[in-house]
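Some notes on the structure that comes next.
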Amino acid sequence: MVVKPDGRVGLTDDETAVERAADACSEHLSEETPELFDAMREHSSGVASAVADSDGVPGAALDDEDAVAHLREFVRAQYDDDWFGTLGEHGSEQGLTWAAFRTAARRFGELLALQSFARFHTAEAAFREARGRRSDGETAVEEAEEALQYRNEMGGVQGEESFESLVDDAREAYTAAQNHLESGAAAMRRAHALRTASACYREEYDVESDELAFVSLDDDLDWEYRELRHGRDRLANRLSRLESDVGDLVDHPRYGR
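All residue numbers for the sequence shown refer to full-length UniProt numbering, where the first residue is 1 and numbers rise by one.
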């Protein structure tokens, strides 16, 4: 684990460090401003869930820089003057001083950043699993094609069973890989939404990076999030080819299932 000199946690720190920092941040919010924390958490959870589901969300495909910009605009629209005005009213109703209110808002912005890091790690893990299953599928396709090529040498029923079994393996691997890809893509969308929401809080309350107690923004986050997206795109392209190859095998006369 790479530990920042001041103990704050960044995107490139491991999942355990991110989780511990998020727990510590949440504990402060729960103990010091529980009602305000509940209001902020309910709002952000709704926004992030809508983005993860992607239905009707501009830029949800995250397939280019314009899409990323559209998604950010959508999220920012949920954190507008009306929302922050309502949040200020919550703080006033609870009798919070400006300093206490701003501290809570700053901490919640940090929590959103940490949650974004966690979803980033979740997406990375899902894409790794997808790549592994994609590799399994590609291997099964190659072996099935070899079974067709050398079917006379393999002989009769044994050859038929081997071919069909390999095609089944390829289909199963493709389906699993596609499922991991989709879950990773949802986590990636959520990571983008949470990152933007965190920035909205920092901007609204003029929070400087050196004020952050739990989060380090020293990593090149634009590059990291862009690379995650590009990795998803490369994986999706490979899976598209695998889907085509598996489809050809399923349509072959010797595949009887």
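Glycine included, each C-beta is placed from N, C-alpha and C at the ideal position.
*Exposed or buried, what is residue 209 when buried is set at 16 or more other beta-carbons lying within 10 Å of its beta-carbon?*
Mapped onto the sequence shown, residue 209 falls at position 209. In summary, residue 209 is exposed, with fewer than 16 beta-carbon neighbours lying within 10 Å of its beta-carbon over all protein chains present.
*Among 240, 222, 59, 24, the one whose alpha carbon lies nearest that of residue 71*: The sequence position of residue 71 within the sequence shown is 71, counting from 1. If we check each option's Cα against that of residue 71, 59 comes out closest.
*What does a CB cutoff of less than 8 Å around residue 201 pick up in its chain, not counting 5 residues either side in sequence?*
Translated into the one-based positions of the sequence shown, residue 201 becomes position 201. Counting only residues of its own chain and dropping the five nearest sequence neighbours on each side, residue 201 has a CB closer than 8 Å to the CB of 79, 105, 106, 108, 109, 112, 207.
*Please classify residue 178: is it buried, with 16 or more other beta-carbons within 10 angstroms of its beta-carbon, or exposed?*
The count along the sequence shown starts at 1 and reaches residue 178 at position 178. That one is buried.
*Buried or exposed for residue 138, please, with buried defined as at least 16 other CB atoms from any protein chain shown within 10 angstroms of its CB.*
If you number the sequence shown from 1, residue 138 lands on position 138. Buried.
*With contact counted as at least three CB pairs below 8 Å, one residue from each stretch, are the region 179 to 196 and the region 114 to 134 in contact?*
The way I'd put it, the region 179 to 196 does touch the region 114 to 134; three or more beta-carbon pairs between them come closer than 8 Å.
*Taking contact to mean at least 3 C-beta pairs separated by less than 8 Å, is the region 232 to 243 in contact with the region 12 to 31?*
The region 12 to 31 and the region 232 to 243 do not touch, with fewer than three beta-carbon pairs separated by less than 8 Å.
*7 Å Cβ shell around residue 66 - same chain, five flanking residues per side excluded*: For the purposes of this step, residue 66 is taken as the residue at position 66 of the sequence shown. Excluding its 5 nearest sequence neighbours in each direction, residue 66 has no C-beta neighbour in its own chain below 7 Å.
_Same chain, Cβ closer than 6 Å to residue 284, five either side skipped, listed in chain order_ = The question about residue 284 has no answer, for the chain in this structure spans 1 to 257.
_Which of helix, strand or coil DSSP assigns to residue 207_ = Position 207 of the sequence shown, counted from the start, is the residue given in the question as residue 207. Residue state, collapsed to three classes: coil.
*Going by alpha carbons, who is nearest to residue 229 out of 127, 162, 255?*
The residue you call residue 229 lines up with position 229 of the sequence shown. With distances taken between Cα atoms, residue 229 lies closest to 127.
*Taking the C-alpha atoms as reference points, what is the distance between residue 91 and residue 176?*
Translated into the one-based positions of the sequence shown, residue 91 becomes position 91. Translated into the one-based positions of the sequence shown, residue 176 becomes position 176. The straight-line gap from Cα to Cα measures roughly 47 Å.
*C-alpha gap between residue 61 and residue 54, whole angstroms*: On the sequence shown, residue 61 is found 61 positions in, with the first residue counted as 1. On the sequence shown, residue 54 is found 54 positions in, with the first residue counted as 1. Distance between residue 61 and residue 54, taken at the CA atoms: about 8 Å.
_Cβ-Cβ distance between residue 51 and residue 167 below 8 Å_ = Here residue 51 refers to the residue found at position 51 of the sequence shown. Here residue 167 refers to the residue found at position 167 of the sequence shown. Against a cut-off of 8 Å, the Cβ pair of residue 167 and residue 51 comes out as no contact.
*What whole-angstrom Cβ distance do residue 327 and residue 136 have, given they're in contact under 8 Å?*
The displayed coordinates of the chain run from 1 to 257. Any statement about residue 327 would go beyond what the structure contains.
*asked:* Please return the same chain residues whose Cβ sits closer than 6 Å to the Cβ of residue 40, not counting the five positions on each side in sequence.
replied: The count along the sequence shown starts at 1 and reaches residue 40 at position 40. The residues are 108.
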